[in-house]
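First up is the structure itself, then whatever we jot down about it.
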Amino acid sequence: MFDLNNIRLGYTDAVEKGYFAEYSPAYVTTNEDIKSVVRYLKPSGKRVLITTGSGDGPMLFRANGASDVDSFDISFCAKAIMDMKVSALQNMSLNQYITFLKSLRNANQFDKYADTINGCPMLTRQFITHMNGCNIFSNGQGVDDCALPNPEEYTKMRKNIHSPLPFIWSDLDSLSGKLTKKYDIIYLSNIFQYEKDRNNIVRVLNSLRPYLNVGGHIMVHATWYFRNFETDNYMWAADKVKSWGRLYKMVNDGNQYAFLQRIR
Ligand SMILES: C[S@@+](CC[C@H](N)C(=O)[O-])C[C@H]1O[C@@H](n2cnc3c(N)ncnc32)[C@H](O)[C@@H]1O
């Protein structure tokens, strides 16, 4: 599975060039208001496909009763932090969990996390122990306190999450080729913030249509505010997908979202 020689090279290259790739560092917590999207889309009993990111999104949807939560990410570091969080969740109190998260961003020696790593799948254990010396959880600004679970959420996470969540190692462009089921919710984080070609936004949305149930939603882009060209791009895209979906903007609590609901 892993070419151990290459993964450290892949990590170093991604850090030096500052782009997302197979081994680019993960975020310790999300910086998106996924909690409000969960309140809006009510995932209980629904099938969800979501960007892994820091793991917070998949775990939040699962904690709120989603029947299936599959996640995808271009970087294996995203899977590693999600597995570490699920493992930590089984044995830690909320305060211990928060202290653990706050220690991760600057962590590059992982022996002290042996108990948590031992609770991860074999491949993740192999990956993390091989990456000693690398800050594989250092993307972004560190812990966003708004993203941390409150006691009620932590209780729901512990009640509903007992084993590693399914992961698809893929970039968004080729994701549809790896999907085998239909979802009610597809959450794409802010990956399109880095997309320069609006044609590719529409190509990707059309490629995901067969994997979205009618009435289902794609959270296309989460951000603090859309820049003018992004608004222009989504208005243009809305016209391109109107035969099967309604692409609309939602604003709340200082956050902005583009949603696409499949109507046929
Ligand atoms: C875009 S980043 C930004 C962080 C995000 N705002 C959050 O709160 O988690 C989120 C995740 O998307 C992943 N990612 C970035 N570009 C991607 C792509 N083209 N395909 C798949 N995953 C991608 C990154 O590895 C990262 O884990």
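Just so we're aligned: the sequence shown equals residues 1 to 264 in this note's numbering.
Yeah, the Cβ is synthetic: ideal placement off N, Cα and C, and Gly gets one too.
Bear in mind that the values here come from a model prediction, so they are computed numbers and not experimental data.
- Does the beta carbon of tyrosine 27 fall short of 8 Å from some heavy atom of ligand 1? Position 27 of the sequence shown, counted from the start, is the residue given in the question as residue 27. It does: the Cβ of tyrosine 27 is within 8 Å (strictly closer) of some heavy atom of ligand 1.
- Within the stretch 61-133, note down every full alpha helix (DSSP H) run reaching 4 residues or more, in order along the chain. 76-91, 94-104, 114-118, 122-130
- How is the beta strand (DSSP E) around arginine 262 delimited, first residue to last? Sequence index remark: in the sequence shown, residue 262 carries index 262 (1-based). Start and end: 255-262.
- Would you mind working out which of Pro166, Ile168, Lys182 sits nearest valine 214, comparing C-alpha positions? Residue mapping note: residue 214 aligns to position 214 of the sequence shown, counting from 1. Valine 214 has its Cα closest to that of Lys182, out of Pro166, Ile168, Lys182.
- So leucine 101 and threonine 29 are in contact, right, with Cβ under 8 Å, and what is the actual spacing, rounded? In the sequence shown, the residue the question calls residue 101 occupies position 101. In the sequence shown, the residue the question calls residue 29 occupies position 29. With a Cβ gap of about 7 Å, leucine 101 and threonine 29 count as contacting.
- Element boundaries [beta strand (DSSP E), containing threonine 29]: As a first step, residue 29 must be located in the sequence shown, where it is residue number 29. No beta strand (DSSP E) holds threonine 29; DSSP gives it neither H nor E.
- Message: If I follow the unbroken beta strand (DSSP E) through asparagine 252, where does it start and stop?
- Response: If you number the sequence shown from 1, residue 252 lands on position 252. Here the beta strand (DSSP E) through asparagine 252 covers 245-252.
- Just how far apart, CA to CA, sit alanine 88 and asparagine 64? For this step, residue 88 is matched to residue 88 along the sequence shown. For this step, residue 64 is matched to residue 64 along the sequence shown. So the alpha carbons of these two residues sit roughly 19 Å apart.
- Task: Report back the beta-carbon spacing between glutamate 22 and serine 75 to the nearest angstrom; my notes put them in contact at under 8 Å.
- Result: Along the sequence shown, one-based indexing puts residue 22 at 22. Along the sequence shown, one-based indexing puts residue 75 at 75. That belief holds up - the Cβ atoms of glutamate 22 and serine 75 are roughly 6 Å apart, short of 8 Å.
- Indicate, with yes or no, if ligand 1 has a heavy atom lying under 8 Å from the CB of isoleucine 74. Indexing the sequence shown from 1 puts residue 74 at position 74. At least one heavy atom of ligand 1 is nearer than 8 Å to the Cβ of isoleucine 74, so yes.
- Message: Any heavy atom of ligand 1 closer than 8 Å to the beta-carbon of glutamine 193?
- Response: Within the sequence shown, the letter at position 193 stands for residue 193. Result yes, Cβ under 8 Å from ligand 1.
- Message: If contact is defined by three or more beta carbon pairs under 8 Å, each pair taking one atom from either stretch, is the stretch 234-247 in contact with the stretch 199-208?
- Response: yes
- What residue from Glu153, Phe167, Lys112 has the CA that sits closest to proline 121's CA? Translated into positions along the sequence shown, residue 121 becomes position 121. For proline 121, the nearest C-alpha among the options comes from Phe167.
- arginine 227 - DSSP class collapsed to helix/strand/coil: For the purposes of this step, residue 227 is taken as the residue at position 227 of the sequence shown. Note: arginine 227 maps to coil in three-state DSSP.
- For the beta strand (DSSP E) that aspartate 145 lies in, which residues bound it at each end? On the sequence shown, position 145 is the one that residue 145 refers to. Neither: aspartate 145 is in no beta strand (DSSP E) and is coded neither H nor E.
- Take leucine 41 and list the residues in its own chain whose beta-carbon comes closer than 7 Å to its own, dropping the five residues that flank it on each side. By 1-based counting over the sequence shown, the position of residue 41 is 41. So the list reads Ile185, His217, once near-sequence residues are dropped.
- Proximity test, asparagine 160 beta-carbon vs ligand 1 heavy atom, cut-off 8 Å: Indexing the sequence shown from 1 puts residue 160 at position 160. Checking the Cβ of asparagine 160 against ligand 1 gives no.
- What's the call for isoleucine 136, buried or exposed, on a 16-neighbour Cβ count within 10 Å? Along the sequence shown, one-based indexing puts residue 136 at 136. That one is buried.
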